[in-house]
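Structure first, commentary second.
2 protein chains.
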Amino acid sequence: MSDISALWEAESIAVIGASERPGALGRKPMDYLLRYGYKGRILPINPRSPEILGVPAYPNVKDVPGRVDLALIMVSADRVPGAVDDCVAAGIPLAIIASSGFAETGEAGARLQEEVVTRARAGGLRVIGPNCIGAVGYDNRVMATFSPLFGALNVPFEPGTLAFVSQSGALGFGAASLALERGLRPGWVVSTGNDADVTALEVLRELAKVPAVAGLLGYLEDTPDIEGLRELAASDKPVALLKSGRTEAGGRAAASHTGALATDDRVLDAALRQLGIVRVDDIDELIDVARAFESVRRPAGNRVAVVTTSGGSGILAADAIERYDLELSVLRPASKEALAEIIPAFGAIDNPVDITATVLSDPSLFDRSLDVLIADDTVDIIVACFCVMAGPDVEKAVTSLAKAAEKGGKPVLVARTGADFLAPDASRDLRAAGLPEYPTPPRALRAAAALWEVSRPRAATPPAAPGTDAGPGLGATEPELKQYLAGAGVTVPRGRLVHGADDAVRAVREVGGRAVFKAVVPGLLHKTEAGAVEIGVTPQTAPEVHRRLAALGGGVLVEELVDDGVELIVGVRSSDLGPVLTAGLGGVFAEVLDDVGHRLLPLRPGEGAEMLSRLRGARILAGARGRAAADTEAAAGLLHRIDELTRNWPAGFELDLNPVRVLERGRGVVVLDAALTRRAPREVR
Amino acid sequence: MSDISALWEAESIAVIGASERPGALGRKPMDYLLRYGYKGRILPINPRSPEILGVPAYPNVKDVPGRVDLALIMVSADRVPGAVDDCVAAGIPLAIIASSGFAETGEAGARLQEEVVTRARAGGLRVIGPNCIGAVGYDNRVMATFSPLFGALNVPFEPGTLAFVSQSGALGFGAASLALERGLRPGWVVSTGNDADVTALEVLRELAKVPAVAGLLGYLEDTPDIEGLRELAASDKPVALLKSGRTEAGGRAAASHTGALATDDRVLDAALRQLGIVRVDDIDELIDVARAFESVRRPAGNRVAVVTTSGGSGILAADAIERYDLELSVLRPASKEALAEIIPAFGAIDNPVDITATVLSDPSLFDRSLDVLIADDTVDIIVACFCVMAGPDVEKAVTSLAKAAEKGGKPVLVARTGADFLAPDASRDLRAAGLPEYPTPPRALRAAAALWEVSRPRAATPPAAPGTDAGPGLGATEPELKQYLAGAGVTVPRGRLVHGADDAVRAVREVGGRAVFKAVVPGLLHKTEAGAVEIGVTPQTAPEVHRRLAALGGGVLVEELVDDGVELIVGVRSSDLGPVLTAGLGGVFAEVLDDVGHRLLPLRPGEGAEMLSRLRGARILAGARGRAAADTEAAAGLLHRIDELTRNWPAGFELDLNPVRVLERGRGVVVLDAALTRRAPREVR
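In order, the protein sequences belong to chains A and B. Note that the first sequence covers residues 1 to 685 in this note's numbering. Note that the second sequence covers residues 686 to 1370 in this note's numbering.
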C-alpha cells in the first residue's frame, strides 16, 4: 500500500470529529462505513464519547492502538493544525482534511493551509484536501466521505472499473451520482479540494497503477503539472479530463507575439492532445466518454461504419463523424455487393448502411449486415443506431451486436434513440454485453472519437537528448542571435554590422544592391514602430538611412532583402507545463486570426510537419492562390531544429523568430528577425 | 378545422388497411385509438372483415356514411394509388400515407409517388407522407400512427404545450419518447416522411396557430422553403430545428467566388439566425431547448447571473456563457454589498455567486441572494447550479427559485448535477414550478442562449420595396456593368474603353499616369489567369500592353489604378431560400479561410454593418496592424445598395463584385471588378 492508495486500501480509518448527532457531518462517514460494510477497523475519534454508533471511540487519534492507515479530519479549521499534529504523532501516513476555511476563503485561510501542510510534511504525513468531501473505494468499502450521495437509499454502488478524481467535491460526487444513475460503474471516487499537498493528478496516477481500473476521469481546476501528465499518459490507461476555467486563461485577443498567443489554456489543450488524453467540456461528455472506456475493444483507426434502422439517424451520424474528426469508412465493393444481397431495396448499402425497419420482421438482417462490416478492413469502429425499438426487438439486436463485437474485435457503440420504458432491459443487456450505449448518434460518435484519441498509436516521446549548448545568452542582440542561429545551421539573411556610411554602401553592394537596414539597440523591441528598420535600401539611399539609424544610438545591421516566400512566425517560451513551441503563418493569420499551433517540447518525429498541416491557412504553404508550393519540409525542419537548440537554454526565456520566410519548395527557410527576451515577470508563475 | 389540422382535430378517422392480426402494423393504430380513448369515430377499412377489434369495418372508405376528416393509409405501395382515389371519391380532405416504397427506394418509387400526389391534388386531397409513421395529438387522442412507442405500457403521454414535427418517423417518435421520459410534454407529434405534398414546415406553421402550443420543434432533412420559414417565424412562437445533412451540403472547400462560398447549409444557418429560429445539432440539444420553451418567462437581454452552491459548477457555467455568446452580468456594486451581508466569507459575491453549501443549514441564504439578483437590472437570466443535494434540501431550493422567478419575471434555469435517486421529487417539483432543469451547467446555458435567440427583438423585415429596375441584363460586359453600377451611385474606377494604342496612352494620362488594363472578352471569367489584366501600366508601356490585350479578341478597358484600401468581396446569388448576399474580406480571408458572412435579402437596417462586424477578420477593417481604419460605413452602405439594386433582377443570376476596395474612413469604397453570370445549372435546383 502506498501512502495515497490508502484512499482505497486502508485497513483502518480514524474519523477525527466523528459524531453521533443526527444530521452532523461527522456522523455521515460513520454511517456510511457501517452501512456499506467497510472491512477494516473503524476508529471514531471524539474526546467526549466513549463510543459512536456502537463503535468504541478514542479521545485522540494518538490513543488508538495499532496502525492507522488513513485519518479523515472533520473538525473546524482552527482545530485542524492540532489534528494534523496528532496524526503525525500517531505515525499515520495519510490524512483527508475535509474541513473548509482554508485557501478558498482568502489570505488568512491560505496562511493556515500553508501552516498545516508544512507541519504535515515535516511529520511525514501526506494530506488530501483541505476543503474536500473525501474519498470512496468500492472494493474495500472505504467510505471516507460525508457526501450526501451515500445517504440516499438504493445507491447503485457496485464493483467498477472507472476511477474518478475531482478537485470539486460537490461536482465530483454529483457527477458520480449521475454516472451511477446512468449505469456506469465508478469504483473509486476521490475529491481533492484545494490540492494543497497531494494533487488530483497525483491521485489519478496512483489509480492508474490499480490493475482493475480500466478508465480514469478527472475534474480539474488548477493547471496540472506536465511531468504528472506525462506519467499518467504513460500508464496507457485511457484518461479523460474536464479542466474548467477556459475563459479565465485570458489572453484571448490574438497578438503578433508568439508568447502572447500561447495562453495557458491553449498550451494545455495542445499538451493533452500530444499525450493522448481526452479533454471534454461538460460532465455529460465526461460520462459519455467514460462509458466507452469501460468497454475493452480499441479501434485500430478512425474509420467508422454506421449501421442503422432509420435513415435520419444515419444522417445525424454522418454529420457527427465530420464534426469529431472521424472518417466515414468507404466500404469495399465486395462489402457493398454482399450488403445488396441482404438489405431491402429501400435501404442503403453505402455507409451509413440503412438496414431499414424490416429488421423487425427479419432479425437475421442485422447479423448478416454486421458480419459484412466486421470483415471489411476499411472499418475500424461500428456505430449502430436505432430508434424506438421495443423490448424483444432490442433484445435480438443486442445479441447480434454482442456477437459481432466479440467476433470482429472492433469497438461497437450503440445509439438507441428511445425511452427506457420502451425496452426496460435494453440498457442492462447492452451493458452486460460490453456495448456502450448513448441516446443519440452524435453522442455515440463523440465517444467513438475519444476512443480513437486514446488508442491512436503515439510514437514514444523522444529521448530527452541534451541540447547542444546553453544558447546565446539572454542579452544577445539581433546580430549575435543570428550568428548563433547561423552557426547552428539555421539560415539567416546574409549581412553584417557596418561601420560608417561608406561601409554601409559597401555592405549594400555585397548583398546584391538592395538591402534591409536595422538599428541594433539593446532593449528596443518594437523596431518597426520605432523607425529602426528600413527595407529596400540602395547604395544611393544607404548613407542617409545609415545616418538616421545610427542616430538611434546603437549599431546598424545591413542584410540582404528577402522579399519572397510565405511568412511564418515561430517562438518558444516557458509555460507552466514546460517549454512550448508556437508556430503559425505570419501577418493577418497570427495577428488577426490567431491561426497558430502550440506543442510542448520536445517534438516527436513528424510533429513539426503535422503542426503546420493543421493550420487553417495550411493551404497557403501548399501553394494556394496561384503561388508555388512553399518549402514546408524545411519549415518543419526549422521547428525541430529550434526544439533541439533550445533544449538546454535557461528557463524563463522567450525566443521569437518573426518573421521567418518559407521560400519555394527546395529553397529552404530564412529567419529574417530573431529576438530573445526574458519572459515578462507577470507571466511567470 | 383546416385540412392539415385534422391531424389533431379529426372527428372521424378511417384506417385503410386496418387489421386484427396480432403484430400487424395495421392493427396498431386501431389499438392505440381504442386504448387512448379517441373521442371521434374510428372507421376501420378492410374488405374482408365486418369488424376490427369490435369496431364495425367498411370494405372501402367510399362506403363510410358521413364525413371522414382523416384517412390513414397503411396498404402496400402498389395499392396506394387506388386508396388515394377512394379517398378522393369519398371527399376526404387529408390522408396520411404511411406506406413505404416511394421516392426513398429509387426511380420507380419516385414515379409512383408523383402519380399518387398528382391524383390526390387533382382530387382536392392533401397528403402527409408517404413513408411516415403518422401523427398523434393528445387533446383529442388522435392516434393516427403505428409507432411502437404507444404500444409500451405506461407511456407518460399527457396534455402538453410542445409540438414536434419530424420528417423521419423513427427519429421523430424516438426523440418524442426521450422527451416524454425526461418529463417534457409534447402534445403533438407528426411525422411527414417524404414530404411529397404537405411538408414538415407546413405542419409546423399550422401548429403555430394552435393557441395551446408554446414551442415548436422540427427535425428536417430537406431544405425548407423561405416563405414558409418566414411565416413560421412571424408566428412569434419559439422554434428550434434540427436540420441534418450538414456534410452533404458539400462545397466545404473555400473558394474565391462568392457563389461557391454560399453553400445551402450556410445559407440556411444565416437565414435561421436572421429569423430568430434556433438551430441545434443533436436530439438532446433539441430536447434541452424545448424544455426552456415550455416555461413562460423570456429574457430581455443576454446577461446571466449564476448562483451556485459549488464553485466548480460556477466555473463550468462561466465557461459555457462565453461559449454560447451570452454575457456574465457585471453586478451593480449595491448588489455585491448586499450579497456580502448574506453570503459566508468563503463564498463569492462576484458573479458566479457562490452561496456555498452553507445553504443546507440556512436555506434563507438562497432566498435572500435571489432577491438581490432579481432586483439587479444588469441581470436578464438567472441560472442556479447545485450538486448532489438530497431530497428536502432540493425542496427548499425549488421553493426559493419558484418564488424568485415569479417575483422577478426573469427566466430562471436550473442545473442540478445529481442523480434522481438523491431527490426523487426534484424533477417533478421543478417542472411544477415552471423551472427548466438540466443535469449540467453547460446544458442549462445552451438552453438559456436559445431562449435569448428566440426572444431577441428583431426589427421588422423591411417592406419588400420593389427594386429600381431589372438590372443591366445577364449578358452585360464588365464596362457595361460598371456603368450601370456608377449610374446607381456605386463608385467604380474612372476609366473607359479605348480605341487603338494612341487612345490607350491618352486614357492612361486621363486617369493619372498609372492604369489598369483589362481585356473585355464576353464569357472570359478568369481574367487574371488568362493574362487579360495588367496592373500599373504607364504611358510608356501602354501601346505594348494594349496590343497584347487587344489580341485576345475583345475591347480594352483602361482604368485608374486603385491600390490602397482593404479588399472586400461581395456577391449576390439565388439560393433555394431566395437571394443571398455574401460578403467578406478578400484575398486569403475568402480564398483560404472562408471568412465570409451570408444573409438572405432583403437586409434589415443595420444588418450590413453587423455582418461585417462578425467577420473573423473584422479587425482588419477597424485598422489592425497599424493601418488607418477603413470606411466600414461605406462598405456597409454598399451592401445595402446592392440589396436594393438587385431586388428586381431576374432569378438565377449571380453577381460577383470582387475585389471591392474599402478606402480609408471617409473616402468610400470602389468596386474594382464586377461580373454578372447565370448561375451554373448544376447549382440550380
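Even for Gly, the Cβ is constructed at its ideal location relative to N, Cα and C.
Inset, instruction - Would you verify that the beta carbon of L241(A) is, or is not, closer than 8 Å to some beta carbon of chain B? - result: Chain B, which has no Cβ nearer than 8 Å to the Cβ of L241(A), makes this no.
Inset, instruction - May I have the straight-line CA-CA distance separating L1001(B) from G1093(B), to the nearest angstrom? - result: L1001(B) and G1093(B) have their C-alpha atoms spaced approximately 25 Å apart.
Inset, instruction - Helix, strand or coil for K403(A), going by three-state DSSP, please let me know. - result: Reduced to three states, the DSSP call for K403(A) is helix.
Inset, instruction - Using a Cβ-Cβ cut-off of less than 9 Å, list which residues of the segment 439-461 of chain A approach chain B; keep chain order. - result: Taking 9 Å as the Cβ-Cβ cut-off against chain B, the residues of the segment 439-461 of chain A that qualify are P439, T440, P441, P442 and R443.
Inset, instruction - Using a Cβ-Cβ cut-off of less than 7 Å, list which residues of the segment 1257-1281 of chain B approach chain A; keep chain order. - result: The residues in question are V1273, E1276, V1277 and L1278.
Legend entry - Span separating the alpha-carbon of L672(A) from that of V498(A): If I take the Cα positions, the gap works out to 18 Å.
Legend entry - CB contact check: L557(A) to chain B, cutoff 8 Å: Answer no: the Cβ-Cβ gap between L557(A) and chain B never drops below 8 Å.
Inset, instruction - Answer with buried or exposed for H1325(B), where buried requires no fewer than 16 other C-beta atoms within 10 angstroms of its C-beta. - result: Answer is buried; the Cβ neighbour count reaches 16.
Legend entry - CB contact check: Y219(A) to chain B, cutoff 8 Å: By this cut-off, Y219(A) is an interface position.
Inset, instruction - Just confirm the distance between the C-beta atoms of V753(B) and R804(B), as a whole number of angstroms; I'd bet it's less than 8 Å. - result: Going by Cβ atoms, the distance from V753(B) to R804(B) rounds to 18 Å, so no, they are not a contact pair.
Legend entry - Meets three-Cβ-pair contact criterion under 8 Å: the segment 700-720 of chain B and the segment 822-831 of chain B: Verdict: yes, contact present.
Inset, instruction - Starting from the beta carbon of R616(A), find every residue of chain B whose beta carbon is closer than 7 Å, and list them in chain order. - result: Per Cβ cutoff of 7 Å: L1278.
Legend entry - Cβ-based burial, L153(A) [other Cβ within 10 Å; buried from 16]: Answer is exposed; the Cβ neighbour count stays below 16.
Legend entry - Residue range of the beta strand (DSSP E) that includes W873(B): In the DSSP assignment, W873(B) falls within the unbroken beta strand (DSSP E) covering P871 to S876.
Legend entry - Per-residue DSSP class, three states only, for N1333(B): Of the three classes helix, strand and coil, the one that applies to N1333(B) here is helix, per DSSP.
Legend entry - Span separating the alpha-carbon of G739(B) from that of V278(A): Near 59 Å, if we compare the C-alpha coordinates of V278(A) and G739(B).
Inset, instruction - Take every Cβ of the segment 386-406 of chain A, pair it with every Cβ of the segment 338-354 of chain A, and state whether three or more of those distances are shorter than 8 Å. - result: No: the two stretches stay apart, fewer than three of their Cβ pairs being nearer than 8 Å.
Inset, instruction - Confirm, please, whether the CB-CB distance from G565(A) to L663(A) is below 8 Å. - result: In contact: L663(A) and G565(A) (Cβ atoms closer than 8 Å).
Legend entry - Cut-off 7 Å between Cβ atoms - residues of its own chain near L275(A), not counting five sequence neighbours on either side: If we look at L275(A) and ignore the five residues flanking it on each side, its Cβ neighbours are L229, R230 and A233.
Inset, instruction - Along the beta strand (DSSP E) that carries S697(B), what are the first and last residues, could you check? - result: Per DSSP, the continuous beta strand (DSSP E) segment holding S697(B) begins and ends at S697 to I701.
Inset, instruction - Examine the Cβ distances between the segment 180-194 of chain A and the segment 149-165 of chain A and report whether three or more of them are shorter than 8 Å. - result: By the C-beta criterion, the segment 180-194 of chain A is judged to be in contact with the segment 149-165 of chain A, since at least 3 inter-stretch pairs fall below 8 Å.
Inset, instruction - Please go through the same chain and pick out, in chain order, the residues whose beta-carbon is closer than 6 Å to the beta-carbon of K1021(B), but skip the five residues on each side of it. - result: Once the five neighbours on either side are set aside, the close Cβ partners of K1021(B) are I1034.
Inset, instruction - Please state whether DSSP places S256(A) in a helix, a strand or coil. - result: Residue placement at S256(A) cannot be trusted, given a pLDDT of 43 that sits under 50; what the coordinates show is reported in the next sentence. Coil at S256(A), not helix or strand.
Legend entry - Separation of F1202(B) from A254(A), as counted between CA atoms: Bear in mind that the predicted position of A254(A) carries a pLDDT of just 36, short of 50, making it too unreliable to give a figure here.
Inset, instruction - Name, in chain order, the residues that DSSP records as bridge partners for E51(A). - result: Checking the DSSP bridge columns, you'll see E51(A) partnered with P56(A).
Inset, instruction - Below 8 Å between beta carbons is the criterion; list the residues of the segment 284-301 of chain A that meet it against any residue of chain B, in chain order. - result: Flagged, chain order: D284.
Legend entry - R1405(B): first and last residue of the uninterrupted alpha helix (DSSP H) it sits in: A query on residue 1405(B) cannot be resolved here, the shown segment of chain B reaching from 686 to 1370 and no further.
Inset, instruction - Under 6 Å Cβ to Cβ from T1176(B), same chain only, skipping five residues before and after it: list those, please. - result: Its chain contains G1353 and V1355 as the residues whose beta carbon lies nearer than 6 Å to that of T1176(B), once the 5 sequence neighbours on both sides are disregarded; these appear in chain order.
Legend entry - Residue-level contact to chain B via CB, A14(A), 8 Å cutoff: Not an interface residue.
Legend entry - Burial state of G981(B) (16 or more Cβ within 10 Å): Looking at the sequence provided, one finds Val at residue 981(B) rather than Gly. Counting Cβ neighbours within 10 Å, V981(B) comes out exposed, since fewer than 16 surround it.
Inset, instruction - Find the residues of chain E that neighbour A357(A), judging by a C-beta separation of less than 8 Å, and give them in chain order. - result: No chain E appears in this structure, whose protein chains are A and B.
Inset, instruction - Output yes if chain B places a C-beta closer than 8 Å to the C-beta of G312(A); else output no. - result: The beta-carbon of G312(A) is placed less than 8 Å from the nearest beta-carbon of chain B.
Legend entry - alpha helix (DSSP H) segments (min. 4 residues) lying fully within the segment 1272-1306 of chain B: As far as the segment 1272-1306 of chain B is concerned, its whole alpha helix (DSSP H) runs of at least 4 residues are 1273-1276 and 1292-1298.
Inset, instruction - Express the C-alpha separation of S574(A) and A651(A) in angstroms, rounding to a whole number. - result: One C-alpha to the other measures close to 7 Å.
Legend entry - D966(B): contacting residues in chain A (beta-carbon distance under 9 Å): Near D966(B) (Cβ distances below 9 Å), the residues of chain A are L316, D319, A320, R323 and P442.
Inset, instruction - Check distances from the C-beta atoms of the segment 142-166 of chain A to those of chain B and list, in chain order, the residues that come in under 9 Å. - result: Answer set for the segment 142-166 of chain A: S147, P148, L149, G151, A152, L153, N154, V155, P156 and S166.
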